[in-house]
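First comes the structure, then the notes that go with it.
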Amino acid sequence: MRSAMISTNGRSPTRAHRGSAILLALVAVGVATLLGLSLAATRDANVAASRNLAHAAAARAAAAGAMEVAVDILEDPSTDLAAISNSGGVLFDGLAVGGASAKARVHDLLTGLAADDSSEVVEIVVEGTSSGISQTARAVGRLPRAPRAPTADLDCSEFALLATGTLVFESDACLAVWSGSPLAILAEPVAYGLASGSTAQIAVSPNASLHGTVALSIGGFATDAEMHDEHLADKMVRVPVAIHVPLAAVPTERDDQDRDSSAPDTLLDGYIAYDAMPEGDMRVPARAAATLRGVRDFDIAGNLRIERGAQLRVEGETRFVVRGNLVIESATVEVAAGATLSFIVLGDASIDGAYVGGERSIPEEIRDATGRAAYDGGASRVLVSLAGRGRVSISEGSVVKGEIYAPEAAVAVATRSAVYGRVLGRDIRLGAGCAVFYDPALDDRSGWTARASGLWTPTGTLRAEVQQIARLDGESLERFAVETGVVPEVSPSFGSLTVLAIEEIDKGEQDRGDGGVAGDARQPRERASVRVARGILRAIEAQRASGRGVFSRAEDVDNLARAFISLGFDPMKGAEE
Amino acid sequence: MNQTPRMRDARRSTPMTRSIRGFTLIEVVVAAGLLSIVGLAIVAFVTAFARGAGARARISDPALEGALLVERLRAVAPALRAPLASDGETAALWLSDSVPSRTVHLSELGWLRFDPTMGDIVLERVADVHFIEDRGLETEFEADDDFLAIREDSARDGLLVSTILAEGLDSARFVGDGRRGADELALELEAERATARVAIGPVVPEEPLR
Chain A
1 MRSAMISTNG
11 RSPTRAHRGS
21 AILLALVAVG
31 VATLLGLSLA
41 ATRDANVAAS
51 RNLAHAAAAR
61 AAAAGAMEVA
71 VDILEDPSTD
81 LAAISNSGGV
91 LFDGLAVGGA
101 SAKARVHDLL
111 TGLAADDSSE
121 VVEIVVEGTS
131 SGISQTARAV
141 GRLPRAPRAP
151 TADLDCSEFA
161 LLATGTLVFE
171 SDACLAVWSG
181 SPLAILAEPV
191 AYGLASGSTA
201 QIAVSPNASL
211 HGTVALSIGG
221 FATDAEMHDE
231 HLADKMVRVP
241 VAIHVPLAAV
251 PTERDDQDRD
261 SSAPDTLLDG
271 YIAYDAMPEG
281 DMRVPARAAA
291 TLRGVRDFDI
301 AGNLRIERGA
311 QLRVEGETRF
321 VVRGNLVIES
331 ATVEVAAGAT
341 LSFIVLGDAS
351 IDGAYVGGER
361 SIPEEIRDAT
371 GRAAYDGGAS
381 RVLVSLAGRG
391 RVSISEGSVV
401 KGEIYAPEAA
411 VAVATRSAVY
421 GRVLGRDIRL
431 GAGCAVFYDP
441 ALDDRSGWTA
451 RASGLWTPTG
461 TLRAEVQQIA
471 RLDGESLERF
481 AVETGVVPEV
491 SPSFGSLTVL
501 AIEEIDKGEQ
511 DRGDGGVAGD
521 ARQPRERASV
531 RVARGILRAI
541 EAQRASGRGV
551 FSRAEDVDNL
561 ARAFISLGFD
571 PMKGAEE
Chain B
1001 MNQTPRMRDA
1011 RRSTPMTRSI
1021 RGFTLIEVVV
1031 AAGLLSIVGL
1041 AIVAFVTAFA
1051 RGAGARARIS
1061 DPALEGALLV
1071 ERLRAVAPAL
1081 RAPLASDGET
1091 AALWLSDSVP
1101 SRTVHLSELG
1111 WLRFDPTMGD
1121 IVLERVADVH
1131 FIEDRGLETE
1141 FEADDDFLAI
1151 REDSARDGLL
1161 VSTILAEGLD
1171 SARFVGDGRR
1181 GADELALELE
1191 AERATARVAI
1201 GPVVPEEPLR
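Protein sequence lines correspond, in order, to chains A and B.
Residue numbering for the first sequence follows our numbering, starting at 1 and increasing by one per position.
Residue numbering for the second sequence follows our numbering, starting at 1001 and increasing by one per position.
What follows is the structure, given as structure tokens:
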């Protein structure tokens, strides 16, 4: 009976638990096996580290070797940079170096795009790869000039501070490179001084910060790297003769027919897509927002006042001729990418608590006078030019990202203000706590300190035609080009300034019925540019015909500027942990 | 004693008799198989653990650490110009001429130092943020200034930041004083009773001109 009962339940309790024991044992065995196998699979870290080091060394050697090849290629004047641009900046790919391979790319440092024949400063990026481990080497430098017409920088933009009278650095004043500039990585010294080359009229407070700067002095060029280093250690940059500073261009007289007598005073507010020649003042009212579109010309008989809290945005090529005073007070003037803004002032210029410069990519920057402001197109978007013996005052924490060109005026930077760009004036005073941060992009190595520039003859003497440039106007530049065969170069924001004198000539052509439209600034400017270019071409052709080697200067490249600077290696990629 | 065959059969068939009988051959084979698998797993575990420990010991090989130190120093200071001074415990380096002058500035200085408590070699330098906060902090030095004392001053003022270049070392010592005309500056490393020596500095040192 009992036996029957058990059998009806299926199994006894003892027999039922025997299966679970086996399962538990199997699970334990499985876990132990997995654990053991996973640990057994752990690689010997020593072998991995050694492998990484070996391949990293091979990749590094490949990158370093290929970098030398890349530098040699770029230093060869016959290298076709346009072809490199067409290949997306790839100089070579798959170059075998030992057991590794290397690829080199070349970027324009200013644009970030593939280098082309207009590039002056480039970054070389070489990637060496060995068994999946890659090392990337970087170097930057100025390209040697291709064999083309020599150029001459006539606006002295290679100097951060250049005075024709006196130069004063007060306590805690600072002169340094603009660290946000793409070319700051070149670590080139910042030049300042008096046009005469004298240091007698330079007053420097003991607490002023001038690290990494060199003062202009008269003397022979450095002939080799050793002498160049000696000059640098002496904090000097030498040129053989005193600097000739052309005066600022003077706008032509206002034409009575063009005067807008109906608007003695003009307000700028909202979107502005027209030119104006007010008889009186022009104002951007307090807290107004004005946007200037297209190529705009404003010729103001009185003052231009951008009032407190106003916002002026420039979206095209804009020129203000201010025959009175320029006053910007606690306002914002921003210049969009691709646009330029020129103030040509005959009176005084006063910028108090304002921001004037490229459109800020970081709005929180507000007015950063520490030297760490974002680049935002650099200093070449804005020009403040004073044609007379007036005064430029930048004060109350103002920040100007641009160029101040006032050879006859006194320039004062005061009360914690900063200029990102450069300042040229008669008497320059950098006040306590103020700063000038130089934009190295303004220096294209064709100026006074570059032995190979078009300012100098092959024998190292100054071209006589340079001294004959009285003003930075189109007429003078054209004459210089025709007489020398040298291409005159000025900063982009000077573009509208240089055509001022030519407009008068063009006006005569318009009167003869060549289709010009009064009031449209674009056409005279285009014709003026063509005129200057035509003059340069005529000069070059004439020199070619006479057998004079206008291109001979190209062979005399500036050897001291040819060295590329290694930036070292990026962190290794592809190594096993 | 006089049991009949019927009685013997009855005793043999009781449950007590069945419970003390031996294992079958299949049970023994299965048990042996399981035990061998577990044993192999334990052996593999112990072996792997031992190999891992050995590998961890060998990664502290001072030669490897020295090579890694040189790699990391190159990455941190690609434009290293020259060693400036050393006292065995600390070495001052001219990391670059980023303030173009061919002279030494505070922002261009770095100090290599062995930290005996952590077993690390660190590169110390003045943090960039301090130069932003105080323009007057930047200082130019003469080539024969006491660069090791400058580190002490900077450390006392709380200006230094550190980057670890090597670790897991028992000791380290700089050999050579790094000054002009002296033998090259080297670093002797010791770990796990092994020693190694690496040269510190570029192949072609560029010393300050002033």
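Just so you know, even glycine gets a beta-carbon here, dropped at the ideal spot from N, CA and C.
For aspartate 153/A, the uninterrupted beta strand (DSSP E) segment begins and ends at 151–153.
Secondary structure at glutamate 75/A: helix, using DSSP grouped into helix, strand and coil.
In the structure shown, the three-state DSSP call for aspartate 93/A is strand. Counted as a single uninterrupted DSSP element, the beta strand (DSSP E) harbouring glutamine 311/A occupies residues 311–314. At a cut-off of 9 Å between C-beta atoms, valine 1029/B does not count as an interface residue with respect to chain A. Here isoleucine 243/A is buried. Its C-beta has 16 or more other C-beta atoms within 10 Å. Of all C-beta pairs linking the segment 1134–1141 of chain B to the segment 375–390 of chain A, fewer than three are shorter than 8 Å, placing the two stretches out of contact. The Cβ atoms of valine 125/A and phenylalanine 92/A lie no closer than 9 Å to each other. Under the three-pair Cβ rule at 8 Å, the segment 86–105 of chain A counts as touching the segment 55–71 of chain A.
With respect to chain A, the C-beta atom of serine 1171/B has no partner C-beta closer than 9 Å. Straight through space, the alpha carbons of proline 1205/B and leucine 1084/B are spaced by roughly 10 Å. At least one CB atom of chain B sits nearer than 9 Å to the CB of arginine 372/A. Looking at Asp153/A, Ser171/A, Thr79/A and Val31/A, the one whose alpha-carbon comes closest to that of alanine 432/A is Ser171/A. Per the coordinates, the alpha-carbon of arginine 463/A lies some 6 Å from the alpha-carbon of tryptophan 456/A. If you check the CB distance, glycine 447/A and serine 217/A do not come in under 9 Å. In the same chain as alanine 286/A, and ignoring 5 residues on each side of it, the C-beta atoms closer than 8 Å to its own belong to Glu307, Arg308, Gly309 and Ala310, in chain order.
Using a Cβ-Cβ cut-off of 9 Å, serine 1154/B does not count as an interface residue toward chain A, since no Cβ of chain A sits closer than that to its own.
Here DSSP, grouped into helix, strand and coil, assigns isoleucine 351/A to strand.
Within chain A, no C-beta atom comes less than 9 Å from the C-beta of serine 1162/B; the nearest is roughly 19 Å away.
Closer than 9 Å to the CB of cysteine 156/A there is not a single CB belonging to chain B. Residue pairing for phenylalanine 569/A: DSSP places it in a beta bridge opposite Ala137/A. Cβ atoms of valine 29/A and valine 1198/B stay farther apart than 8 Å, at about 49 Å. Under the 10 Å beta carbon count, arginine 1102/B is surrounded by 16 or more other beta carbons and is classified as buried. Closest in alpha carbon position to glycine 132/A, among Val321/A, Gly193/A, Leu53/A and Tyr271/A, is Leu53/A. Leucine 386/A counts as buried, since at least 16 other C-beta atoms from the protein chains shown sit within 10 angstroms of its C-beta.
According to DSSP, residue pairing for tyrosine 438/A in a beta bridge involves Val177/A and Gly421/A.
Straight across, the Cα-Cα distance linking valine 250/A with arginine 283/A is about 23 Å. Taking C-beta atoms as the reference points, leucine 143/A and leucine 186/A fail to come closer than 9 Å. At a C-beta separation below 9 Å, asparagine 303/A has no neighbours in chain B, since its nearest C-beta there lies roughly 35 Å away. Put simply, the backbone Cα of isoleucine 469/A is about 9 Å away from that of valine 245/A. It is roughly 49 Å from the alpha-carbon of leucine 167/A to the alpha-carbon of serine 87/A. With respect to leucine 326/A, alanine 163/A sits apart: the two C-beta atoms are not nearer than 9 Å. Taking 8 Å as the upper bound for CB-CB distance, alanine 139/A and serine 566/A are in contact here, some 5 Å apart. Between leucine 292/A and leucine 267/A, the CB-CB gap reaches or exceeds 9 Å.
Using a Cβ-Cβ cut-off of 9 Å, valine 29/A is close to Leu1034, Ile1037, Val1038 and Ala1041 of chain B, given in chain order. Taking 7 Å as the cut-off between beta carbons, the residues of the segment 186–214 of chain A near chain B are Ala187, Glu188, Pro189, Asn207, Ser209, His211 and Gly212, in sequence order.
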